[in-house]
Amino acid sequence: MRPAYIARRFGVFLLIVWLAATLNFFLPRLSGQDPVRAKLLEQAALGGYVQGGIEEMTREYERRFGLDQPLWRQYLTYLRDVSRLDFNYSIANYPRTVNELIADAVPWTVSLLGTTTLLSFGIGSLLGALLAWPRAPRWMRWLMPPLWALHAIPFFLLGLILTYLLAFQLPLLPIFGGYSAGAVPALNWRFAWDVFQHALLPALSIILVSTGGWALGMRGMMVTTMGEDYVLFAEAKGLKASTVFLRYCVRNAVLPQVTALALALGQILSGAVLVEVIFGYPGIGTLLYQAIRENDHFVIQGIVFTVIVALGFTTFVLDVIYPWLDPRISDRRG
Amino acid sequence: MRAAYHYIRRNPSLALGIALLSALALFVVIGNLMVDTENARPLSAPALRPPSADYPFGTDRQGRDLFAVMVAGTPLTLRIGFTAGFIGVGLGTVLAFIAAYYRGWADTVIRGVADIGLTVPGLLVLIIIAVSIKGTLTVNQMAIIIASLAWLYPTRTIRAQVLSLRERGYVEVARLSGMSGPGIIFFELMPNLLPYLAATLVNAVSAAILASIGLEVLGLGPIDSPTLGMTLYWVNFNAAMINGWWWWWTAPTVIILTVFLGLFFLTVGLDEIANPRLRRSA
Chain A
3 MRPAYIARRF GVFLLIVWLA ATLNFFLPRL SGQDPVRAKL LEQAALGGYV
53 QGGIEEMTRE YERRFGLDQP LWRQYLTYLR DVSRLDFNYS IANYPRTVNE
103 LIADAVPWTV SLLGTTTLLS FGIGSLLGAL LAWPRAPRWM RWLMPPLWAL
153 HAIPFFLLGL ILTYLLAFQL PLLPIFGGYS AGAVPALNWR FAWDVFQHAL
203 LPALSIILVS TGGWALGMRG MMVTTMGEDY VLFAEAKGLK ASTVFLRYCV
253 RNAVLPQVTA LALALGQILS GAVLVEVIFG YPGIGTLLYQ AIRENDHFVI
303 QGIVFTVIVA LGFTTFVLDV IYPWLDPRIS DRRG
Chain B
7 MRAAYHYIRR NPSLALGIAL LSALALFVVI GNLMVDTENA RPLSAPALRP
57 PSADYPFGTD RQGRDLFAVM VAGTPLTLRI GFTAGFIGVG LGTVLAFIAA
107 YYRGWADTVI RGVADIGLTV PGLLVLIIIA VSIKGTLTVN QMAIIIASLA
157 WLYPTRTIRA QVLSLRERGY VEVARLSGMS GPGIIFFELM PNLLPYLAAT
207 LVNAVSAAIL ASIGLEVLGL GPIDSPTLGM TLYWVNFNAA MINGWWWWWT
257 APTVIILTVF LGLFFLTVGL DEIANPRLRR SA
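Chain order of the listed sequences is A and B.
Residue numbers for the first sequence follow my numbering, so the first one is 3 and each next one is one higher.
Residue numbers for the second sequence follow my numbering, so the first one is 7 and each next one is one higher.
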């Protein structure tokens with residue numbers, strides 16, 4: 003792995019960070035007025051709703067992004083704040099900062115999304131590989147149509163259906179939230195079990211849908227790979243079927259899947275946001291939904307920026323480990 | 007007719023896709039004859055009635071006749087999807103041809119922007135755009151907001167297709183016989199790309215509908231239009247699931263399922279036309 007390759011990928015990552023900040027700064031101002039200021043003034047005029055604080059916030063905001071400042075200076079101030087991860091206070095939850103709110107929500111989303119993505123990628127790729135493998139058991143063929151159909155459904159819609167079946171009709175699983183209303187968040191088995199039960203339905207709706215997608219992609223790649231001469235050669239040499247399957251076919255067919263994973267992360271996340279909203283799961287998605295309902299502009303901006311940067315970083319990491327997965331790539335220019 | 011029948015038998019996905027979408031169109035047309043879509047407004051029916059002879063899909067908490075909501079909302083949602091999809095694929099095709107046919111710095115820029123744009127979660131950017139707009143959104147504004155990102159994926163995939171097409175022998179022949187760049191693009195490349203563009207369009211429409219429903223469920227939709235996504239927003243807003251008002255979310259869920267499954271099978275079918283090599287593996 004050459005430093006130039008990593009440096010270039012890191013450059014792309016920095017570009018994404020800068021783009022996210024710039025979008026966050028300019029888009030709200032395109033409409034001619036500053037909706038953040040409008041919102042702050044509105045809150046201040048209403049009074050009472052958010053105890054004090056608002057006036058100081060407005061004054062502080064005016065000082066930093068006031069109309070007396072030229073646009074480029076406001077922009078630089080914004081970039082400086084963002085580079086220090088300072089997203090200001092939450093308008094609706096003053097005096098909590100946007101950072102605190104996001105920090106509370108992130109573990110929920112990361113654990114839900116991380117687990118489900120890894121599981122569905124692993125299961126889906128293996129399933130897809132077996133579906134293309136002629137020696138796989140016949141009953142596996144029957145898995146294809148349902149996987150296809152599930153793959154076309156949005157996460158949250160399956161979530162709705164699953165909730166009705168498994169939480170409402172058959173009350174097996176909790177219907178809403180991240181843990182039971184009375185439970186005290188603590189590090190013990192009881193609470194962990196409670197959290198696990200609540201995570202099961204949202205996780206299931208993500209896994210069932212995305213497994214199909216990975217299986218479809220993998221199956222296509224396997225069909226192509228199995229037609230390659232080196233696979234024929236390996237079989238002719240009399241290698242064990244499992245060796246040919248794992249080390250010759252799967253090893254090669256999985257590479258484009260990893261590329262696809264890097265590309266799909268954004269979509270998976272967009273879908274997961276809605277799943278969280280449907281289930282009232284206390285992650286980033288629900289926080290975003292509440293912020294939209296309360297018109298809490300700082301929180302919305304903070305979340306959008308944080309998520310874009312986090313995903314950009316994940317893509318960067320995937321890019322960096324990719325040459326290790328596919329040694330051919332280190333020969334040519336990445 | 008017989009030829010069409012035989013082709014459909016070879017390509018059941020295409021048939022299934024067309025059948026699902028036709029069923030939906032039929033539902034809207036017949037529904038329009040049976041119900042006044044004015045009843046999709048709040049307070050036009052008693053609230054929270056389960057399905058009955060008068061209200062076949064029931065009514066919601068604000069007194070909308072859900073049958074009327076579905077009849078009025080399905081075309082609205084499809085309109086958002088098709089408008090955004092067409093703009094996206096149109097823009098994507100132009101950019102893809104500029105990038106792949108002329109190469110050079112234009113290619114570097116277009117490919118770079120598309121690649122970076124695709125790694126960013128689209129829904130979040132759309133959210134920032136939608137909250138930046140003052141006042142209530144209209145259905146057309148929705149479509150344009152979504153179109154602002156809908157060109158990224160088509161640009162990327164069409165570019166790859168054009169890159170492989172432009173190396174074919176007949177393009178070489180056209181170039182040697184003195185045909186101009188636009189001439190080659192329109193008369194040599196375009197006709198061969200059409201099936202592929204159709205598949206890309208269906209994909210883009212599906213993605214645009216998904217994005218629109220996503221924004222709407224989050225509460226960033228056209229709040230006074232009865233689109234499918236807005237109906238789901240009200241479902242979630244009023245916690246219809248926990249309260250046991252099953253009919254409220256059943257109708258939109260079934261219709262959205264039909265839309266996505268129909269579009270999905272249509273893409274699979276069109277892909278098979280566009281890329282005959284798939285037939286061996288299918």
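Glycine is no exception: its CB is placed at the ideal position from the N, C-alpha and C atoms.
Treat the numbers as computed from the prediction; the structure is a model and nothing was measured.
Am I right that residue i and residue j are in contact with their C-beta atoms under 8 Å? What's the rounded C-beta distance?
i: Ala-255/A; j: Thr-227/A; result: 4 Å
i: Val-145/B; j: Ser-231/B; result: 5 Å
i: Gly-179/A; j: Gly-268/A; result: In fact, because the Cβ distance is near 26 Å, the residues do not count as touching under 8 Å.
i: Leu-234/B; j: Leu-199/B; result: Leu-234/B to Leu-199/B, Cβ: 32 Å. No contact.
i: Arg-67/B; j: Ala-53/B; result: 5 Å
Between the options, which has its C-alpha nearest residue i's C-alpha?
i: Ala-23/A; options: Pro-329/A, Phe-89/A and Ala-9/A; result: Phe-89/A
i: Thr-117/A; options: Ala-205/A, Leu-175/A, Leu-290/A and Pro-187/A; result: Ala-205/A
i: Pro-160/B; options: Pro-52/B, Tyr-108/B and Phe-103/B; result: Phe-103/B
i: Val-211/B; options: Met-76/B, Leu-32/B and Ile-93/B; result: Ile-93/B
i: Ser-28/B; options: Ser-58/B, Arg-47/B, Asn-17/B and Pro-81/B; result: Pro-81/B
i: Glu-230/A; options: Gln-199/A, Tyr-77/A and Val-246/A; result: Val-246/A
i: Ala-180/B; options: Ile-190/B, Leu-171/B and Glu-173/B; result: Ile-190/B
i: Gly-175/B; options: Phe-271/B, Glu-194/B and Arg-8/B; result: Glu-194/B
i: Thr-142/B; options: Leu-203/B, Pro-18/B, Met-185/B and Ile-229/B; result: Ile-229/B
i: Gly-23/B; options: Ile-152/B, Glu-173/B, Gly-96/B and Ala-205/B; result: Ala-205/B
i: Arg-31/A; options: Ile-262/B, Ala-105/B and Ile-139/B; result: Ile-139/B
i: Ser-19/B; options: Gly-275/B, Asn-281/B and Leu-224/B; result: Gly-275/B
i: Ala-214/B; options: Ala-156/B, Leu-32/B, Thr-273/B and Leu-97/B; result: Ala-156/B
i: Ile-164/B; options: Asp-60/B, Pro-197/B and Thr-99/B; result: Thr-99/B
Using a Cβ-Cβ cutoff of less than 8 Å, which residues in the same chain neighbour residue i once the five nearest sequence positions on both sides are dropped?
i: Ile-270/A; result: Leu-115, Thr-119, Ile-208 and Ser-212
i: Ser-287/B; result: Since pLDDT at Ser-287/B reaches only 45, below the 50 mark, its modelled position is unreliable, and the value read off the structure follows with that caveat. Closer than 8 Å at Cβ, skipping near neighbours: no residue.
i: Leu-130/B; result: none
i: Ser-311/A; result: What sits at residue 311/A in the sequence shown is Val, not Ser. Excluding positions up to five away in sequence, the list reads Ile-18, Val-19 and Ala-22.
i: Arg-330/A; result: none
i: Asp-333/A; result: Summary for Asp-333/A: the model assigns pLDDT 48, below 50, so the residue's position carries little reliability; its value from the coordinates is reported in the next sentence. Excluding sequence neighbours, Asp-333/A sits near nothing in its chain.
Who are the neighbours of residue i on chain E, taking C-beta pairs under 7 Å?
i: Gly-128/B; result: In the displayed structure, chain E is absent; the protein chains listed are A and B.
Quick one: residues in its chain with C-beta nearer than 7 Å to the C-beta of residue i, no 5 flanking neighbours on either side, listed in chain order?
i: Leu-226/B; result: Ile-133, Ala-136 and Val-137
i: Asn-38/B; result: Val-77
i: Tyr-291/A; result: Val-279
i: Thr-165/A; result: Ile-177 and Leu-203
i: Ala-138/A; result: Leu-132
i: Asp-42/B; result: Ala-74
i: Ala-257/B; result: Phe-63, Leu-72 and Met-76
i: Gln-167/B; result: Leu-199 and Tyr-202
i: Leu-169/B; result: Ala-106
i: Val-225/A; result: Ala-134
Below 6 Å CB to CB, which residues in the same chain sit around residue i once its five sequence neighbours on both sides are set aside?
i: Ala-149/B; result: Ile-86, Thr-89 and Ala-90
i: Ile-14/B; result: Ala-21
i: Arg-70/B; result: Ala-46 and Pro-48
i: Leu-152/A; result: Leu-210, Val-211 and Gly-214
i: Arg-335/A; result: In this predicted model, Arg-335/A has a pLDDT of only 48, less than 50, meaning its place in the structure is not dependable; the value taken from the coordinates is given anyway. If we look at Arg-335/A and ignore the five residues flanking it on each side, it has no Cβ neighbours.
i: Leu-189/A; result: none
i: Gly-126/A; result: Thr-213, Trp-216 and Ala-217
i: Ile-262/B; result: Leu-234
Margin query: Between the stretch 113-124 of chain B and the stretch 233-249 of chain B, can you find at least three pairs of beta-carbon atoms closer than 8 Å?
Written below: Between the stretch 233-249 of chain B and the stretch 113-124 of chain B there are fewer than three C-beta pairs closer than 8 Å, too few to call the two in contact.
Checklist line | Contacting positions in the stretch 208-236 of chain B - beta carbon closer than 9 Å to chain A | finding: Within the stretch 208-236 of chain B, contact with chain A at the beta-carbon level (separation under 9 Å) is assigned to Ser-212, Ala-213, Leu-216, Ala-217, Ile-219, Gly-220, Val-223, Leu-224, Gly-225 and Leu-226.
Checklist line | chain A contacts made by the stretch 260-272 of chain B, where a contact means CB separation under 7 Å | finding: Those would be Ile-262, Leu-263, Phe-266, Leu-267 and Phe-270, in chain order.
Next item on the list: Taking a Cβ distance cut-off of 8 Å, strictly less, list which residues of the stretch 162-184 of chain A are near chain B, in chain order.
Entry: So the close ones are Leu-162, Ile-163, Thr-165, Tyr-166, Phe-170, Ile-177 and Phe-178.
Notebook entry, point to check: Should the stretch 241-257 of chain B be regarded as contacting the stretch 313-325 of chain A, the criterion being three or more beta carbon pairs within less than 8 Å?
Noted result: Contact between the stretch 241-257 of chain B and the stretch 313-325 of chain A is absent, because fewer than three Cβ pairs lie under 8 Å.
Notebook entry, point to check: Between the stretch 253-269 of chain B and the stretch 298-316 of chain A, do three or more beta carbon pairs fall short of 8 Å?
Noted result: Taking 8 Å as the limit for Cβ pairs, the verdict is that the stretch 298-316 of chain A does not touch the stretch 253-269 of chain B.
Checklist line | the stretch 58-88 of chain A: positions lying closer than 8 Å to chain B by Cβ | finding: Residues of the stretch 58-88 of chain A whose Cβ lies closer than 8 Å to any Cβ of chain B: none.
Margin query: Taking contact to mean 3 or more Cβ pairs, one atom from each stretch, closer than 8 Å, check whether the stretch 180-188 of chain A and the stretch 249-266 of chain A are in contact.
Written below: Contact between the stretch 180-188 of chain A and the stretch 249-266 of chain A is absent, because fewer than three Cβ pairs lie under 8 Å.
Next item on the list: Closer than 8 Å, Cβ to Cβ, to anything on chain A: give me those residues from the stretch 113-126 of chain B, in chain order.
Entry: With the criterion set as a beta carbon lying under 8 Å from some beta carbon of chain A, the members of the stretch 113-126 of chain B are Ile-122, Leu-124, Thr-125 and Val-126, in sequence order.
Notebook entry, point to check: For the 8 Å Cβ check, are there 3 or more pairs between the stretch 264-283 of chain B and the stretch 154-174 of chain A?
Noted result: In short, these stretches touch, since the Cβ pair count reaches three.
Next item on the list: Could you say if the stretch 188-195 of chain A and the stretch 100-109 of chain A meet the contact criterion of at least three C-beta pairs nearer than 8 Å?
Entry: No, because fewer than three Cβ pairs between the stretch 188-195 of chain A and the stretch 100-109 of chain A fall closer than 8 Å, the two stretches do not touch.
Margin query: Under 9 Å, CB to CB, which of the residues in the stretch 231-252 of chain A have a partner in chain B?
Written below: Look at the stretch 231-252 of chain A: it has no residue with a C-beta under 9 Å from a C-beta of chain B.
Margin query: Against chain B, which members of the stretch 11-28 of chain A pass a CB distance test of less than 8 Å?
Written below: Within the stretch 11-28 of chain A, the qualifying residues are Val-14, Leu-17, Ile-18, Leu-21, Ala-22, Leu-25 and Asn-26.
Item checked: Where the stretch 88-104 of chain A meets chain B: residues whose CB sits under 7 Å from a CB there -> Those residues of the stretch 88-104 of chain A placed with their C-beta closer than 7 Å to a C-beta in chain B do not exist.
Check: Relative to chain A, which residues along the stretch 129-157 of chain B have a C-beta separation below 8 Å, given in chain order?
Finding: Within the stretch 129-157 of chain B, the residues whose Cβ lies closer than 8 Å to any Cβ of chain A are, in chain order, Leu-129, Leu-130, Val-131, Ile-133, Ile-134, Ile-135, Val-137, Ser-138, Ile-139 and Lys-140.
Next item on the list: Could you list the residues in the stretch 307-330 of chain A with a C-beta less than 7 Å from some C-beta on chain B, going in chain order?
Entry: Cβ contacts with chain B come from Val-309, Ile-310, Leu-313, Gly-314 and Thr-317.
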